[in-house]
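Everything in the sequence shown is counted per the working numbering, starting at 333 for the first residue and increasing by one.
So the structure is just underneath, and the comments pick up after that.
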Amino acid sequence: MANITLPQPLPRLRVWGTWRANLQLRRYPVLPIAILLLVLIIPAIFADQVAPHDPLKGSLRNRLQPPVWTGPEVVNGVEVKPGGTWTHPLGTDKQGRDMLSRIIHGARISLAVSLIAVFIAGTIGTALGLMAGYFGGGLDHLVMRIVDIGLSIPAILLALVLVSAIGASFGTVIAVIAGIFWSRYARMVRGDTLSIKAQDFVARARVAGASNRRIIVRHVFPNVVNTVIVLGTLEIGQVILLEATLSFLGAGIPKPTPAWGLMVSDGRELIVEAWWVAMFPGVAILLTVLSLNLFGDWVRDRLDPKLRNV
Numbered sequence: 333m334a335n336i337t338l339p340q341p342l343p344r345l346r347v348w349g350t351w352r353a354n355l356q357l358r359r360y361p362v363l364p365i366a367i368l369l370l371v372l373i374i375p376a377i378f379a380d381q382v383a384p385h386d387p388l389k390g391s392l393r394n395r396l397q398p399p400v401w402t403g404p405e406v407v408n409g410v411e412v413k414p415g416g417t418w419t420h421p422l423g424t425d426k427q428g429r430d431m432l433s434r435i436i437h438g439a440r441i442s443l444a445v446s447l448i449a450v451f452i453a454g455t456i457g458t459a460l461g462l463m464a465g466y467f468g469g470g471l472d473h474l475v476m477r478i479v480d481i482g483l484s485i486p487a488i489l490l491a492l493v494l495v496s497a498i499g500a501s502f503g504t505v506i507a508v509i510a511g512i513f514w515s516r517y518a519r520m521v522r523g524d525t526l527s528i529k530a531q532d533f534v535a536r537a538r539v540a541g542a543s544n545r546r547i548i549v550r551h552v553f554p555n556v557v558n559t560v561i562v563l564g565t566l567e568i569g570q571v572i573l574l575e576a577t578l579s580f581l582g583a584g585i586p587k588p589t590p591a592w593g594l595m596v597s598d599g600r601e602l603i604v605e606a607w608w609v610a611m612f613p614g615v616a617i618l619l620t621v622l623s624l625n626l627f628g629d630w631v632r633d634r635l636d637p638k639l640r641n642v
């Protein structure tokens with residue numbers, strides 16, 4: 333019988349594998365960092381120079397102008413609504429204020445609230461976690477019970493109570509967020525401190541006559557810094573989302589300050605007539621929080637020795 337040679341199958345194109353190798357965001361976070369620079373960091377730092385208009389000044393003559401790529405609305409050959417212009421690239425809101433300028437200045441509010449709140453919460457939580465984990469006993473039980481109470485209180489309910497008692501302000505938002513997030517730092521740091529306290533180098537420091545303060549500052553704290561940095565990086569996105577939620581509900585940044593949550597709240601009643609008023613601030617929140625989460629995962633992988641070489 334003659335040998336029959338079957339046609340060989342064509343080689344499979346490894347397109348998906350190539351794209352996976354090029355888009356490993358957790359290993360090479362170029363895209364998240366670029367989005368953060370364009371959406372959050374650069375607009376927040378250079379808001380006064382980058383914003384084309386004053387975010388607080390508007391004109392009723394220019395109210396609800398559509399984005400620049402939207403053409404005029406024509407009915408029976410008659411223009412009933414003008415199209416967008418380059419004067420207001422992302423359109424205007426119901427008071428005629430420029431949307432792009434308000435989004436740029438809103439980035440400054442979000443970055444300031446997140447950094448200040450995370451710094452305060454991290455400082456308080458780290459200090460209490462170190463003391464509770466190192467000294468143990470009654471102090472440990474007291475701090476952990478306070479942590480349990482703090483984790484069980486709904487953030488939005490606490491914000492509404494404080495706003496009704498104190499009033500909505502920039503400081504109230506920071507106080508609410510810091511009062512909620514410190515417990516997470518305390519729990520994480522306390523767990524790491526318990527494991528570090530049992531290490532041999534801590535026992536040697538005690539034998540050498542080092543005081544408790546010196547042991548905590550020189551030996552325990554440097555070993556929990558990575559945990560604090562990773563947790564802080566991951567929490568910044570959650571703080572921005574919480575601040576936007578509180579502002580949306582009227583319990584956060586007061587009007588007329590350009591905050592992303594306030595802008596979404598202003599546009600919810602105009603979602604059919606002027607969709608851009610709520611959509612563009614929502615997209616800014618989405619891109620910022622997603623990029624911060626991806627960047628936080630990368631920081632965790634880089635600082636964790638167990639995940640660094642995986």
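Backbone N, C-alpha and C define an ideal beta-carbon position, used for all residues, glycine too.
Residues near residue i by beta carbon distance below 7 Å, same chain, minus five either side
| i | result |
| --- | --- |
| I548 | L462, Y466 |
| F612 | L422, M431, I435 |
| T402 | G415, G416 |
| R550 | none |
| H385 | D430, S433 |
Straight-line gap, residue i to residue j (C-alpha atoms, nearest Å)
| i | j | result |
| --- | --- | --- |
| G390 | T458 | 45 Å |
| A383 | T504 | 27 Å |
| I374 | L447 | 15 Å |
| A510 | E405 | 48 Å |
| I436 | T589 | 12 Å |
| L618 | H420 | 22 Å |
| Y517 | D472 | 14 Å |
| L355 | A535 | Any reading at L355 needs caution, since the residue's pLDDT is 47, under 50, leaving its predicted position unreliable; the model's value is listed next. Rounded to whole angstroms, L355 to A535 spans 46 Å at the Cα level. |
| Q381 | V557 | 36 Å |
| G614 | R600 | 11 Å |
| A537 | I498 | 48 Å |
| I365 | G469 | 44 Å |
| A500 | V596 | 18 Å |
| L483 | M520 | 13 Å |
| P398 | K413 | 9 Å |
| L635 | A616 | 28 Å |
| I481 | L581 | 24 Å |
Nonlocal neighbours in the same chain, by C-beta distance under 6 Å from residue i, ignoring five residues either side
| i | result |
| --- | --- |
| G628 | T565, L566 |
| S579 | I585, A591, G593, L594 |
| L368 | S623 |
| V631 | V562, T565 |
| A376 | A439, R440, L443 |
| A353 | With a pLDDT of only 43 at A353, under 50, the local geometry of the prediction cannot be trusted, and the value read off the model is given with reservation. So the list is empty, once near-sequence residues are dropped. |
| V400 | G416, W418, P421 |
| L526 | G465 |
| N394 | T424, G428 |
Spatial neighbours of residue i in its chain, beta-carbon cut-off 8 Å, leaving aside the 5 residues before and after
| i | result |
| --- | --- |
| D598 | D425, K426, V609, A610 |
| A379 | I436, H437, A439, R440 |
| V571 | V445, S446, A449, V450, I509, F513 |
| K587 | L594 |
Residue i beta carbon near the ligand GTP (any heavy atom closer than 8 Å)
| i | result |
| --- | --- |
| L563 | Of the ligands one can find in the structure shown there are none, so the ligand GTP has no counterpart to examine. |
CB contact flag (residue i, residue j, <9 Å)
| i | j | result |
| --- | --- | --- |
| G428 | L392 | yes |
| S515 | G569 | no |
| D524 | N555 | yes |
| A583 | I452 | no |
| V479 | E575 | no |
| I512 | I485 | yes |
| V604 | G454 | no |
| T620 | L388 | no |
| L490 | V475 | no |
| L396 | L602 | yes |
| P361 | L573 | no |
| R546 | A464 | no |
| K529 | V508 | no |
Short CB-CB distance (under 9 Å) between residue i and chain C
| i | result |
| --- | --- |
| V479 | The chain labelled as chain C is not found in the depicted structure, where only one protein chain is given. |
Counting Cβ pairs closer than 8 Å, one from the segment 421-439 and one from the segment 607-614, do we hit at least three?
Judged by Cβ distances under 8 Å, the segment 421-439 makes contact with the segment 607-614, as three or more pairs qualify.
Okay, do the segment 482-495 and the segment 503-518 touch, 3+ Cβ pairs below 8 Å being the bar?
Proximity of the segment 482-495 to the segment 503-518 meets the contact definition, three or more beta-carbon pairs being nearer than 8 Å.
Contact the segment 426-435 vs the segment 538-548: 3+ CB pairs below 8 Å
A contact is defined here as three or more CB-CB pairs under 8 Å, and the segment 426-435 fails this definition with respect to the segment 538-548.
Hey, which unbroken runs of the beta strand (DSSP E) at 3 residues or more fall wholly within the segment 496-531?
Runs found: none.
Report the residue ranges of all alpha helix (DSSP H) runs contained in full by the segment 377-405; include only those spanning at least 4 residues, in chain order.
With a minimum length of 4 residues, the continuous alpha helix (DSSP H) runs that stay inside the segment 377-405 are 379-382.
Would you mind listing the alpha helix (DSSP H) stretches within the segment 397-476 that are 4+ residues and don't spill past its ends, in chain order?
Counting only runs of 4 or more, we get 431-467.
Taking the runs of the alpha helix (DSSP H) that are 4 residues or longer, which of them lie wholly in the segment 521-580?
Within the segment 521-580, the alpha helix (DSSP H) runs of at least 4 residues that lie entirely inside it are, in chain order, 532-539, 544-547, 553-580.
Contained alpha helix (DSSP H) runs [length at least 4] in the segment 576-608, N- to C-terminal order:
Counting whole runs of 4 or more residues, the segment 576-608 contains the alpha helix (DSSP H) stretches 592-599.
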